[in-house]
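Count the sequence shown with my numbering and you get residues 120 to 574, in order. Below: one structure, written as structure tokens.
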Amino acid sequence: MSRPAESIHGQWSSRWAFILAATGAAVGLGNIWKFPYIAGENGGGAFVLVYLLCIACIGIPVMMAEIMIGRRGRQNPVNSLRSLADEEKRNPHWEYLGWSGVIAGFLILSYYSVIAGQAMAYVFRSFSGVFEGVTADGAQSIYASLTGDPERLLAWHTVFMVFTMIVVSRGVKGGLEKSVKFLMPALFAILLLLVGYAANTGEYFNQAIDFLFQPDFSKLTGEGILIAMGHAFFTLSLGMGAIMVYGAYLPKDVSIAKVSISIAIADTLVALLAGMAIFPLVFANGLEVGAGPGLIFETLPIAFGHMAGGALFGGLFFLLLVFAAWSSAISLIEPAIAWLVENRNISRKRACVYAGFATWLLGLLTVFSFNIGQHWLLFGKTMFELLDYVTANIMLPLGGLSIAIFSGWILAKNSSQQELAIQHPILYHLWRILIRYITPAAVIVVFLKVTGILN
Ligand code: PFF
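Okay, here's the thing in structure tokens:
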């Protein structure tokens, strides 16, 4: 299999368009919904520090590797990996790494869409003033009435999937790029507004800063480290081919190292800002930081219900969440769409109908996990929890590990050198050391520790 000089799907119109699109893929529910609650559950500061270390030492090198493979292969992750392996006269089975990515994207989107649907429902609830003066019990029962009703959850999941597939069906320039040009600036503006509000809570804002940035290592567990590492992959959308396929649409002259660093910084900034917007409200209202996945749906409405302009700020907050989820959702399904178009020779629109329908169907498992299926447990987890755990904590880190091995050990040195085109030789060597030794060692050690093989 030879590799084409250009992607058949076209390419991003500029370096900026790519940065916006990849930041859009990275910034999502992971930053605003998941990061605050896992930081809360794992004790704050020390967890945040491990997470930041993982972003810098594993996330950025793996992101560079993914973009490099994508741009060199110029096709969907399955074909790109295969043609690069062929070119290096290596085992063509590396294409299975591409498959694992396509499948992970499909699995993640199936539950991602249900959570994004809940955020959509909350936009309307908040703007209409439902949360005014609400008590803890009241907020819980509002959330329970949404999640307990499979029909309503299903309706919102359907709306979100349709929105996502409409954007994807319009293609790289007309859909993906156009949508992020509006979504990303809107997202940053809303987030800054919310942090500005939180900063006015005085001592509670300081308490939130302490919580996020003062490490207390006694609160950090082995499981916490795995979650921090898994989240570094999840939040940067790594280990599953989304960034790889975006890299396939990247113009040749763009510096991969520079864009990767920009994307990682922007993503981390959004997560930390989201923490700074959320935790002051949690502290000011005496709420529970370790409330889990319900943190923003059950806890924050109490805060919004008791502040001046709360209906507006609350509505904006959930709108922010929907925008963030939307620009990530399109990247989750793009590897599958690119594969269908390139390998099955069907139109992008048709590919969207097939892949969108399959994802929607699988999403029913998550819909039911909140209500009629909440007792369908496997390994003690609901179907939703299991999908989240297996993808974020197992598939993405293993995918990232394999990508590191592929780009550090399988791809010839001059291939990566040529594609990355890093001007300073020292920086290229630093990348190569991180990708050949540090990333694989870190992922393997964390895995052995969590499985109990290493004590
Ligand atoms: N990075 C997204 C988030 O933080 O919500 C989730 C995600 C999107 C993961 C795309 C993987 C992916 F390919």
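Glycine included, each C-beta is placed from N, C-alpha and C at the ideal position. Here the structure is a predicted model, which is why all the values come from computation and not from measurement.
> In three-state terms, what does DSSP make of Lys371?
Replying inline: coil
> Where do the ends of the alpha helix (DSSP H) carrying Ser446 lie?
Replying inline: Gly429 to Asn462
>> Just to confirm, is the Cβ distance from Ala430 to Gly178 under 9 Å?
In response: Not closer than 9 Å, so no.
> Any idea what DSSP makes of Leu530, helix, strand or coil?
Replying inline: coil
>> My output table needs one value for Leu60: the three-state DSSP class, helix, strand or coil.
In response: In the structure as shown, the chain begins at 120 and stops at 574. Residue 60 is therefore absent and cannot be evaluated.
> What number of angstroms, rounded off, separates the C-alpha of Val373 from the C-alpha of Met239?
Replying inline: 36 Å
> Using a threshold of 8 Å, is the CB atom of Met359 nearer than that to any non-hydrogen atom of the ligand PFF?
Replying inline: yes
>> Residues in the same chain with beta-carbon distance under 6 Å from Ser381, minus the five sequence neighbours each way, listed in chain order, please.
In response: Ile138
>> With the cut-off set at 9 Å, would you say Thr510 and Leu172 are in Cβ contact?
In response: no
> If Met395 and Ala327 are in contact, beta carbons under 8 Å, what's the gap, nearest whole angstrom?
Replying inline: 6 Å
>> Whole angstroms are fine: how far does the CA of Pro155 sit from the CA of Glu322?
In response: Cα to Cα, the separation comes out at about 19 Å.
>> Assuming the contact rule is C-beta atoms closer than 8 Å, Phe352 and Pro516 should be a hit. Round their C-beta distance to whole Å, please.
In response: 6 Å
> So Gly475 packs on Val181, CB below 8 Å; how close in whole Å?
Replying inline: Actually they do not touch by this definition, with Cβ atoms about 28 Å apart.
> Do Arg201 and Ile529 have their C-beta atoms closer together than 9 Å?
Replying inline: no
>> Less than 9 Å between the beta carbons of Leu506 and Tyr215, yes or no?
In response: With respect to the 9 Å criterion, Leu506 and Tyr215 are not classified as neighbours on the basis of their beta carbons.
> Lys500 by DSSP, collapsed to three states: which one?
Replying inline: strand
> What is the rounded straight-line gap between the Cα of Ile234 and the Cα of Phe503?
Replying inline: Each residue's alpha carbon lies about 10 Å from the other.
> Along the chain, where does the alpha helix (DSSP H) that runs through Asn198 open and close?
Replying inline: Pro196 to Glu206
> When every heavy atom of the ligand PFF is checked, does at least one fall within less than 8 Å of the C-beta of Phe353?
Replying inline: yes
> Among residues of its own chain, excluding the 5 on either side of Trp275, which ones have a beta-carbon nearer than 7 Å to its beta-carbon?
Replying inline: Gly236, Gln237, Met239 and Ala240
> Would you say the region 448-465 touches the region 334-352, given that touching needs at least three Cβ pairs under 8 Å?
Replying inline: The region 448-465, when compared against the region 334-352, does not touch it at the 8 Å Cβ threshold.
> What is the residue span of the alpha helix (DSSP H) that Asp335 lies within?
Replying inline: Note, Asp335: premise wrong, no alpha helix (DSSP H); not H, not E.
> What is the rounded straight-line gap between the Cα of Ala443 and the Cα of Leu203?
Replying inline: 33 Å
> Quick one: what does DSSP say Asn150 is sitting in, helix, strand or coil?
Replying inline: helix
>> Given 8 Å as the limit, tell me if Tyr508 has its C-beta closer than that to any heavy atom belonging to the ligand PFF.
In response: no
> Among Ser133, Asn150 and Asp205, which residue has its Cα nearest to the Cα of Ser121?
Replying inline: Asp205
> Taking the C-alpha atoms as reference points, what is the distance between Ile127 and Gln194?
Replying inline: Their backbone Cα atoms lie some 8 Å apart in a straight line.
> Who are the Cβ neighbours of Ser219 in its own chain at under 7 Å, not counting the five residues just before and after it?
Replying inline: Met514 and Gly518
> Curious, which full-length alpha helix (DSSP H) runs of at least 4 residues does the region 402-428 contain?
Replying inline: 419-424
> Around the Cβ of Glu407, are there at least 16 other Cβ atoms within 10 angstroms (buried) or fewer (exposed)?
Replying inline: exposed
>> I'd like to confirm something about Leu515: is its beta-carbon nearer than 8 Å to some heavy atom of the ligand PFF, or not?
In response: The closest heavy atom of the ligand PFF lies less than 8 Å from the beta carbon of Leu515.
> On the three-state DSSP scale, how would you describe Ile309?
Replying inline: helix
>> Closest to Ile362 by C-alpha separation, out of Arg190, Ser232 and Asn490, would be which residue?
In response: Arg190
> If you draw a straight line from the alpha carbon of Phe498 to that of Ala390, how long is it in whole angstroms?
Replying inline: 30 Å
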